[in-house]
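Data block below; observations after.
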Amino acid sequence: MTGSGLRSGQVAEAAGVNLQTLRYYERRGLLASPQRSPGGHRLYPSDTVTLLRVIKTAQRLGFTLNEVADLLDAGRHQHGGRPDSGLQARAKEKLVEVEQRLADLTVIRDTLRAAISAGCDDLVACAGSSCCPLPFAELAERTNCADTC
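In this note's numbering, the protein residues as written are 1 to 149.
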């Protein structure tokens, strides 16, 4: 491949990442170390662009870089690997996490809407009020109980 391949800037631009991201992924082992031109420039194979796009897409789906690295590794060693280490199993696990975050966000949204509707304007005053829809009232009750018990 000497003399052929894409230079860092070309790969970064084609994949929609910056040069620092490209080098960081290389240091993390997500990308193989590229060959060098006689002038010392990094020369990446063209499939590096696809790999970078896959990494960025996986991140947008909520996978951490460590999880992406595991997925890439599992894909490389798919033959004879554990069946629970591939994309299907990981995607199911990630879906459970996302659904839990959505449920948590729904509770947060509903609580904030209730606080707005109730006219809550002072966090300290609201914390001491039993009418406050924010969870401060529960904290105040626990504090009062601890003081009297």
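Note that the Cβ used here is the ideal one computed from N, Cα and C, for glycine as well.
With 16 other Cβ atoms within 10 Å as the buried cut-off, status of residue i
i: V96; result: exposed
i: C149; result: Residue placement at C149 cannot be trusted, given a pLDDT of 39 that sits under 50; what the coordinates show is reported in the next sentence. Classification of C149: exposed, given that the 10 Å Cβ count is below 16.
i: G9; result: exposed
i: P34; result: buried
i: L123; result: exposed
i: V68; result: buried
Alpha-carbon spacing of residue i relative to residue j, whole angstroms
i: P38; j: A103; result: 55 Å
i: L94; j: F63; result: The question names Leu, but residue 94 in the sequence shown is Lys. Each residue's alpha carbon lies about 7 Å from the other.
i: V11; j: D47; result: 9 Å
i: T21; j: L30; result: 11 Å
i: Y25; j: R113; result: 41 Å
i: G28; j: D110; result: First, the residue type needs correcting, since residue 28 is Arg and not Gly in the sequence shown. Rounded to the nearest angstrom, the two C-alpha atoms are 40 Å apart.
i: R36; j: R23; result: 14 Å
i: D70; j: R90; result: 10 Å
i: L87; j: L6; result: 29 Å
i: L43; j: A32; result: 11 Å
i: T187; j: L134; result: The structure shown does not extend to residue 187, since the chain spans only 1 to 149, so no value can be given for it.
i: A115; j: E99; result: 24 Å
i: V54; j: K92; result: 18 Å
i: C126; j: C120; result: 6 Å
i: G75; j: G40; result: 31 Å
N- and C-terminal bounds of the alpha helix (DSSP H) containing residue i
i: L30; result: Careful: L30 lies outside any alpha helix (DSSP H) and carries neither H nor E.
i: L43; result: Careful: L43 lies outside any alpha helix (DSSP H), inside the beta strand (DSSP E) at 42-44.
i: C126; result: 123-127
i: T48; result: 47-60
i: S8; result: 8-15
Helix, strand or coil at residue i according to DSSP, with G and I counted as helix
i: L105; result: helix
i: L71; result: helix
i: A146; result: Low confidence applies here, because A146 scores a pLDDT of 45, under 50, leaving its location unreliable; read the following figure in that light. The answer is helix: DSSP assigns A146 an H, G or I state.
i: L22; result: helix
i: L112; result: helix
Notebook entry, point to check: Is there contact here, the region 57-71 with the region 3-22, by at least three beta-carbon pairs under 8 Å?
Noted result: As far as the Cβ criterion goes, the region 57-71 does not touch the region 3-22, which means the pair count is below three.
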